[in-house]
Amino acid sequence: MAKKNNNELEEAKTTKDGYEIFLEKIKVDKEQFINWGVDAYSMPNEDKAKNEWDKLKKRIDDKRRKLNNEENVYIRKYGRSEGSKELYIDFYKEVFGLEICTDPTNNKEPQEILKRLVADENKTNYINYQVSHVWGKTKNMYMFSAPWNIMLIPKMFDPLTGHEAKGDLPRRFQKALRQKIYNKYRELIIDYNKLIWDEYLNNEARREKCKKYYDKIEKKIKPKGNLGRITNNMFKKFKISIDSEFVMIDKYGKTTTEKNNVEFPDAIEINSIINTTSLNV
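The opening position of the sequence shown corresponds to residue 164 in our numbering, with each subsequent residue numbered one higher.
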């Protein structure tokens, strides 16, 4: 009897999805489960979120202009080594002129914001809820602490929001959740899109600074294959990380570096004119 090659063995395997087994056991269909999860999150109301967003933008701007040395701007620590952390800290210093800090617990700042704006505001003690980032991008100076990107979500749904989850259910859940949150905080996200477009994606001077920073590190790594704690492989992953962190969010809730389907502030103005005209008819 002929032996099967690896490809044939792979084709012969069946797929077992843990989420689908769970839903079958509790006799709930995917659509119902997704709707439960999408309605279960807790985030700041729009007015509180706008005020917090404006404060974050001012903090970043003041920090860059050396007007505020007391309040820190945070991102999540990148990688497991100190070398990885150094790359991001130096990147922000050289490309944005910004002294950045890594969050001491990787979630302390988002937790404090949600405690203030959600738990304390609602006079509610949230048990078995998890602090989660809607779009991730936790090494992005705006998105780590953006009130429209952080939420409290029941722990049973939180795994569906992460990149580790695979299959149809996580994909559909993330799409529905992100679309809903985009619609809720549309004006703030549009404001963010304009910021990141002007400050990085479409900013030739800043992209040139980024290139010079990359060239400088590569030149120092080349002779020995490392720069202290920074290895060549670590640096390659860091560059990929930068490309994935500095993105916009389109009107369908997807992250992108292209302007297709991305709304900018003029979309709000046009929509406002249309609504006003409709009211006057």
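Built from N, CA and C at the ideal position, the CB exists for glycine as well.
Distance between beta carbons of residue j and residue i, contact taken as under 8 Å
| i | j | result |
| --- | --- | --- |
| Glu362 | Arg370 | Contact doesn't hold; Cβ gap of about 11 Å is too wide. |
| Gly416 | Tyr305 | The Cβ separation is near 17 Å, so there is no contact. |
| Val297 | Leu340 | 7 Å |
| Ile393 | Ile384 | 7 Å |
| Pro207 | Leu280 | 4 Å |
| Ile412 | Thr418 | 6 Å |
| Glu215 | Tyr348 | Wrong, their Cβ atoms sit about 11 Å apart, outside the cutoff. |
| Ala212 | Pro310 | 4 Å |
| Gly388 | Tyr182 | That belief does not hold up - the Cβ atoms of Gly388 and Tyr182 are roughly 43 Å apart, past 8 Å. |
| Tyr376 | Phe254 | 6 Å |
| Asn423 | Lys414 | The Cβ separation is near 10 Å, so there is no contact. |
DSSP beta-bridge partners of residue i
| i | result |
| --- | --- |
| Asn366 | BP columns for Asn366 are empty, so no partner. |
| Thr419 | Met411 |
| Val294 | Leu315 |
| Lys251 | One detail in the question is off: residue 251 reads as Tyr in this sequence, not Lys. According to DSSP, which records beta bridges pairwise, Tyr251 is partnered with nothing at all. |
| Leu358 | Answer is none; Leu358 lacks a bridge partner. |
| Asn235 | DSSP lists no partner for Asn235. |
| Cys264 | Tyr237 |
| Thr324 | DSSP output for Thr324 lists no bridge partner at all. |
| Leu390 | Ile393 |
| Ser205 | Leu315 |
Own chain partners of residue i with C-beta closer than 6 Å, once the 5 adjacent residues on each side are dropped
| i | result |
| --- | --- |
| Thr301 | Arg239 and Phe307 |
| Arg227 | Gly260 and Leu261 |
| Phe157 | The displayed coordinates of the chain run from 164 to 444. Any statement about residue 157 would go beyond what the structure contains. |
| Lys357 | Phe427 and Pro428 |
| Ser205 | Val281 and Leu315 |
7 Å Cβ shell around residue i - same chain, five flanking residues per side excluded
| i | result |
| --- | --- |
| Ile252 | Ile263 |
| Lys343 | Val201 |
| Phe409 | Asn303, Ile359, Tyr363 and Leu364 |
| Glu245 | Arg392 |
| Asn269 | Arg239 and Lys240 |
| Glu234 | Arg222 |
| Gln195 | none |
| Asp180 | Gly330 |
| Ala328 | Pro322 |
| Asp499 | For residue 499 there is no data in the structure shown, the boundaries of the chain being 164 and 444. |
Buried/exposed call for residue i, threshold 16 Cβ in 10 Å
| i | result |
| --- | --- |
| Val236 | buried |
| Val258 | buried |
| Pro386 | exposed |
| Pro428 | exposed |
| Gly325 | exposed |
| Asp445 | Residue 445 is absent from the model: the chain starts at 164 and stops at 444. |
| Lys267 | Lys is not the amino acid found at residue 267; the sequence shown has Pro there. Exposed, because fewer than 16 other Cβ atoms sit within 10 Å of the Cβ of Pro267. |
| Glu187 | exposed |
| Asn396 | exposed |
| Gly391 | exposed |
| Phe185 | exposed |
| Ile189 | exposed |
| Asp321 | buried |
| Ser247 | buried |
| Asn285 | exposed |
| Ser441 | With a pLDDT of 35 at Ser441, under the threshold of 50, the predicted position of this residue should be treated as unreliable, and no value is reported. |
| Asn312 | buried |
Cut-off 8 Å between Cβ atoms - residues of its own chain near residue i, not counting five sequence neighbours on either side
| i | result |
| --- | --- |
| Lys256 | Glu262 and Ile263 |
| Ala124 | Any property of residue 124 remains undetermined from this structure, which presents the chain solely from 164 to 444. |
Near the ligand ZN: residue i beta-carbon under 6 Å from a heavy atom
| i | result |
| --- | --- |
| Val201 | In the structure on display, the ligand ZN does not appear, and there are no ligands present to speak of. |
Quick check: the region 289-303 against the region 317-329, are there 3 or more CB pairs under 8 Å?
yes
Would you call the region 317-336 and the region 208-227 in contact, with 3 or more CB pairs under 8 Å?
no
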